[in-house]
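Peer 1: Handing you this structure, nothing more for now.
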Ligand SMILES: *Cc1c(COP(=O)(O)O)cnc(C)c1O
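Below, the structure is given as structure tokens:
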């Protein structure tokens with residue numbers, strides 16, 4: 001299958017080209033030329049299939065013509081080495097717990113898949129080293145770094161905003177060493193993302209090094225996120241709760257929601273989606289006004305959603321041919337201040353005993369406010385609450401234990417390179433490696 005650019009000013013790309021390039025040469029985002037509809041029979045017996053079986057069916061729709069079935073099956077099974085259960089929180093509200101992977105956040109799924117896909121292509125061609133550049137507002141860096149750690153032929157550079165990620169998040173990508181280099185940028189997340197985007201546009205740099213992006217703009221990262229929307233539905237069906245499903249997605253760069261919309265296009269019976277935002281409410285404002293106005297990002301408690309210019313807006317617009325009414329018919333919005341996030345965490349804990357992280361708290365609250373009688377709501381619990389321990393402890397007046405997997409990261413020594421928010425300095429650094 002080929003991939004076109006959302007800006008329509010670049011040639012179409014093969015899967016391999018789209019994965020290695022990340023961003024299209026015209027700065028657009030790659031989109032698959034076709035979204036296959038899965039047959040009704042698949043949905044009729046989806047509740048009898050395992051997560052890996054479901055994911056393989058979905059993966060085949062996108063990658064089946066480009067990767068042999070046996071290889072694709074290995075990539076899928078190796079990626080999904082952990083479960084993604086739904087947990088009933090109260091009455092008609094479920095949490096889809098996406099935090100059971102190695103770095104305890106949903107980005108493990110896309111990052112692990114992309115690392116394995118890239119390794120597949122590199123092995124096939126036996127070409128030189130590939131350099132992965134990734135900007136992170138928190139969880140992307142850890143998921144990508146851990147997904148690629150020790151993979152031969154790949155070096156990962158993680159750019160993150162100095163002082164704007166939690167100490168636990170930081171430890172997950174600054175302590176690894178080996179083929180992972182962490183760059184601590186004097187700026188905000190959008191600056192990190194801009195440096196990465198500019199690197200891909202720089203001809204000299206691209207002549208000297210093979211660069212690829214592992215941000216959520218990469219098709220190899222965002223498409224696999226569709227897997228768990230199908231699996232969530234399968235689990236609801238097993239419980240006889242699969243009618244009138246509403247899925248609420250805490251959103252920042254909108255890769256996760258976008259994957260859900262793809263699942264919907266493939267026939268997944270979801271009635272509607274809700275995009276839950278923190279104070280960075282560009283998408284919410286778009287839903288209200290029909291005008292998309294990027295802003296600079298604001299720092300909040302749900303810091304992985306502190307994005308003022310969400311890249312994947314271009315993909316959502318492309319999916320709906322830019323039709324505001326069509327987008328509004330499928331996606332609702334919500335926006336919450338830090339005070340409201342804290343209040344939701346507290347309210348949920350007091351009423352149900354369930355501990356939310358600040359991102360999931362936005363999703364939970366939007367369902368509480370917007371779910372109609374007869375609907376079943378799932379919110380994506382995008383990270384383990386212990387990744388935001390300070391916020392959780394403070395909001396709930398508890399002392400949340402840190403899982404062993406996280407403690408292990410924090411015991412290792414931080415190794416990061418300070419980096420000015422200046423493209424020429426960044427470029428010279430890369431060239432000198
Ligand atoms: C990345 C992230 C989000 C936002 O996901 P997008 O795909 O960028 O919209 C939400 N919550 C957590 C914990 C994240 O790490």
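Numbering (full-length UniProt numbering), first residue to last: 1 to 433.
All residues carry an ideal CB built from backbone N, CA and C; glycine is no exception.
(1) Would you grab the beta carbon distance between residue 201 and residue 252 for me? Rounded to a whole angstrom, and I think it's under 8 Å.
(2) With a threshold of 7 Å (Cβ to nearest heavy atom), would residue 166 be considered close to ligand 1?
(3) Do you know how far the Cα of residue 254 is from the Cα of residue 313?
(4) Check the DSSP bridge columns for residue 335 and list the partner residues they point to.
(5) Contact check, residue 143 vs residue 156 under 8 Å by CB: the rounded distance?
(6) Is it true that the CB of residue 248 sits closer than 8 Å to the CB of residue 222?
(7) May I ask whether a heavy atom of ligand 1 can be found less than 7 Å away from the beta carbon of residue 429?
(8) What does a CB cutoff of less than 8 Å around residue 371 pick up in its chain, not counting 5 residues either side in sequence?
(9) Expressed to the nearest angstrom, what Euclidean distance is found between the alpha-carbon atoms of residue 224 and residue 413?
(10) Pull up the CB-CB distance for residue 283 and residue 330, whole angstroms please, since I reckon it's below 8 Å.
(11) Is residue 375 helix, strand or coil by DSSP?
(12) Whole beta strand (DSSP E) runs in the stretch 105-175 with 3 or more residues, listed along the chain?
(13) Count the other C-beta atoms from every protein chain shown that fall within 10 angstroms of the C-beta of residue 193, then say buried if there are 16 or more, exposed otherwise.
(14) Measure the beta-carbon distance from residue 489 to residue 396 and round it to whole angstroms, keeping in mind my assumption that it falls under 8 Å.
(15) If we require 4 or more residues per run, which alpha helix (DSSP H) segments fall completely within the stretch 211-281?
(16) How would you call residue 385, buried or exposed, if buried means at least 16 neighbouring beta carbons within 10 angstroms?
(17) Run the proximity test for residue 288: is its beta-carbon closer than 7 Å to any non-hydrogen atom belonging to ligand 1?
(18) Sort out for me which residues DSSP pairs residue 180 with in a bridge.
(19) Are there 16 or more other CB atoms within 10 angstroms of the CB of residue 341, so buried, or fewer, so exposed?
(20) Quick check: is any heavy atom of ligand 1 less than 7 Å from the C-beta of residue 382?
Peer 2: Taking the definition as stated:
(1) Taking a contact as a CB-CB distance under 8 Å, the pair residue 201 and residue 252 does not count as one, their CB atoms being some 23 Å apart.
(2) no
(3) 7 Å
(4) 277
(5) That pair is no contact at about 11 Å.
(6) no
(7) No, since every heavy atom of ligand 1 falls outside the 7 Å radius drawn around the Cβ of residue 429.
(8) 92, 93, 246, 377
(9) 32 Å
(10) With a Cβ gap of about 13 Å, residue 283 and residue 330 do not count as contacting.
(11) In this structure, DSSP gives residue 375 a state outside helix and strand, which the three-state scheme calls coil.
(12) 130-135, 154-161
(13) Buried, because 16 or more other Cβ atoms sit within 10 Å of the Cβ of residue 193.
(14) Residue numbering for the chain in the displayed model covers 1 to 433; residue 489 lies beyond these limits and cannot be assessed.
(15) 219-222, 227-238, 255-265
(16) buried
(17) no
(18) Beta-bridge pairing links residue 180 to 156.
(19) buried
(20) yes
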